[in-house]
């Protein structure tokens, strides 16, 4: 942040204790309007980032509580504060990019002319990170550096994103159709995991994600 734009530090002791436990999840903004009315969120592209805080004393593994407007008010924090804290904490999460062929039992052979796909997800398969793994600093930058093609991002579900290096003419339309076909099943059978019908693009120069189609 540039000098002169620095904001006053939040010294609330509760927030100081909890900010390292904040996580974010990317969800379908349109389909979660009712939920978003009472829970703190931040718009991101055509999605919404919702926030959770790790609960203490869970013997069966990590559990996360959603951050409500009331909780944020008590902590004296804004959606931007939660966003920044969650991105900082994401750096400590194990997020990986895996060739989709290795996730299919027995492997899968692909023709040379077929598009390559890579799954971006939490290393432990944790749903607490999910599709938000693409927001981890330098993850996309490193992936783009390993592939000369344009890098597209397909919202596979709230649990992961698919990275596609693709320079074909008409790639965006073709990828849009793939997303539509996948989501046709989710939309009715598992609406809670449906993330978006958009195709995203990673801009190497600006190091940011934008909607491509």
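In the numbering used here, the protein residues as written are 1 to 213.
All C-beta atoms in this analysis are idealised placements derived from N, C-alpha and C, irrespective of residue type, glycine included.
What is the residue span of the beta strand (DSSP E) that residue i lies within?
i: residue 179; result: Not the beta strand (DSSP E): residue 179 falls in the alpha helix (DSSP H), residues 171-189.
i: residue 44; result: 41-44
i: residue 102; result: Premise fails: residue 102 is in no beta strand (DSSP E) and is neither H nor E.
i: residue 204; result: Looking at the DSSP string, residue 204 is not in any beta strand (DSSP E), and its letter there is neither H nor E.
i: residue 156; result: 151-157
i: residue 52; result: 47-54
i: residue 27; result: 22-28
i: residue 65; result: 64-66
Between the C-alpha atoms of residue i and residue j, what's the straight-line distance to the nearest angstrom?
i: residue 123; j: residue 11; result: 33 Å
i: residue 65; j: residue 85; result: 16 Å
i: residue 168; j: residue 212; result: 14 Å
i: residue 137; j: residue 47; result: 19 Å
i: residue 71; j: residue 34; result: 18 Å
i: residue 188; j: residue 28; result: 14 Å
i: residue 69; j: residue 121; result: 28 Å
i: residue 150; j: residue 144; result: 8 Å
i: residue 177; j: residue 209; result: 20 Å
i: residue 170; j: residue 195; result: 23 Å
i: residue 114; j: residue 102; result: 16 Å
Between residue i and residue j, how many whole angstroms is the CB-CB distance? I'm expecting something under 8 Å.
i: residue 116; j: residue 165; result: 6 Å
i: residue 131; j: residue 155; result: 6 Å
Skipping 5 residues on each side, what residues in its chain have a beta carbon closer than 7 Å to that of residue i?
i: residue 193; result: 157, 158, 159 and 186
i: residue 197; result: 179, 180 and 183
i: residue 172; result: 199, 212 and 213
i: residue 53; result: 18, 21, 22, 64, 65 and 67
i: residue 205; result: none
i: residue 207; result: 141
i: residue 3; result: The pLDDT assigned to residue 3 is 46, lower than 50, so where the model puts this residue is not dependable, and the model offers no usable value.
i: residue 147; result: 165
i: residue 77; result: 10 and 15
i: residue 88; result: none
Could you tell me whether the Cβ atoms of residue i and residue j are closer together than 9 Å?
i: residue 95; j: residue 139; result: yes
i: residue 40; j: residue 82; result: yes
i: residue 202; j: residue 162; result: no
i: residue 31; j: residue 191; result: yes
i: residue 118; j: residue 104; result: no
i: residue 218; j: residue 93; result: For the chain, the structure presents residues 1 to 213; residue 218 sits outside this window and is missing.
Looking only at its own chain, which residues have a Cβ that is under 6 Å from the Cβ of residue i, when we skip the five neighbours before and after it?
i: residue 24; result: 49, 51, 86 and 132
i: residue 42; result: 49, 79 and 83
i: residue 75; result: 12, 14 and 15
i: residue 45; result: 211
i: residue 55; result: 63 and 65
i: residue 73; result: none
Start and end of the alpha helix (DSSP H) containing residue i?
i: residue 73; result: 69-75
i: residue 89; result: 79-90
i: residue 146; result: 139-146
i: residue 135; result: Taken as a continuous stretch (DSSP letters only), residue 135 belongs to no alpha helix (DSSP H), as it is neither H nor E.
i: residue 162; result: First-last for residue 162: 160-165, but that is the beta strand (DSSP E), not the alpha helix (DSSP H).
i: residue 115; result: Taken as a continuous stretch (DSSP letters only), residue 115 belongs to no alpha helix (DSSP H), as it is neither H nor E.
i: residue 34; result: 33-36
i: residue 16; result: 13-18
In chain order, what residues of the same chain have a beta carbon less than 8 Å from the beta carbon of residue i, not counting five sequence neighbours either side?
i: residue 97; result: 118, 119, 120, 139, 143 and 163
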